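Asker:
In my numbering, the protein residues as written are 20 to 181.
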């Protein structure tokens, strides 16, 4: 009987999973910050009658879910990076995580559309003074999250060779 082995055709399938730990940690920090702000915005949106806050809270919920999916993808890809049952490596896990996040974003958009149409038909009073404070706080949290996720890149372009 003739036996064939695929071993000589195999190679390592580690495509950056060994260097993603810093990104993983930053992602977890942003998940906590975003989830906290999400709760504040959803509760404030309901209490103050603000569809904008409610929509932004749901949007932050989608960010929280997307970041959670990303954190899981980091972990899963790293854990299984040397598993031979993944013939072509675990790099596609991150792509599937991105697709899942996009589907979730569509679901949240449909929820916001439904609620907006409902509020258009049945208007509610909006308490603007408190709502604007929460909205600005949400903007600040988004900016902080951006800087955390962008890492420690040098933004000094004055030394660039043009």
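Quick reminder that beta carbons are idealized off the backbone N, C-alpha and C, glycines included. The model shown is predicted, which means the values in this text are computed figures rather than measured ones.
My parser needs the alpha helix (DSSP H) runs of 4 or more residues fully inside the segment 64-102; what are they?
Answerer: Whole alpha helix (DSSP H) segments, 4+ residues: 70-98.
Asker: DSSP three-state call for residue 49: helix, strand or coil?
Answerer: helix
Asker: Short of 7 angstroms in beta carbon distance, which residues of its chain neighbour residue 153, apart from the five on each side in sequence? Order them along the chain.
Answerer: 59, 60, 63 and 72
Asker: Give me the Cα-Cα distance between residue 176 and residue 158, rounded to the nearest whole angstrom.
Answerer: Reliability fails at residue 176, whose pLDDT of 46 lies under 50, so the model's placement of it is uncertain and no value is given.
Asker: What residue range is occupied by the uninterrupted alpha helix (DSSP H) comprising residue 159?
Answerer: 147-168
Asker: Find the nearest neighbour of residue 87 within the set 143, 45 and 142, judged by alpha-carbon distance.
Answerer: 45
Asker: Assuming residue 92 contacts residue 54 under a Cβ cut-off of 8 angstroms, what Cβ separation, rounded to an integer in Å, is found between them?
Answerer: Actually they do not touch by this definition, with Cβ atoms about 18 angstroms apart.
Asker: Looking only at its chain, what residues have a beta carbon closer than 6 angstroms to the beta carbon of residue 113, apart from the 5 residues adjacent to it on each side?
Answerer: Result list for residue 113: 92, in chain order.
Asker: Classify residue 43 as helix, strand or coil using the three-state DSSP reduction.
Answerer: DSSP places residue 43 in the helix class (H, G or I) of the three-state scheme.
Asker: Note down the Cα distance separating residue 149 from residue 67, rounded to an integer number of angstroms.
Answerer: 7 angstroms
Asker: So what's residue 143 in DSSP terms, helix, strand or just coil?
Answerer: If DSSP states are grouped into helix, strand and coil, residue 143 belongs with coil.
Asker: For residue 83, count the other beta carbons within 10 Å of its own beta carbon; 16 or more makes it buried, fewer makes it exposed. Which is it?
Answerer: buried
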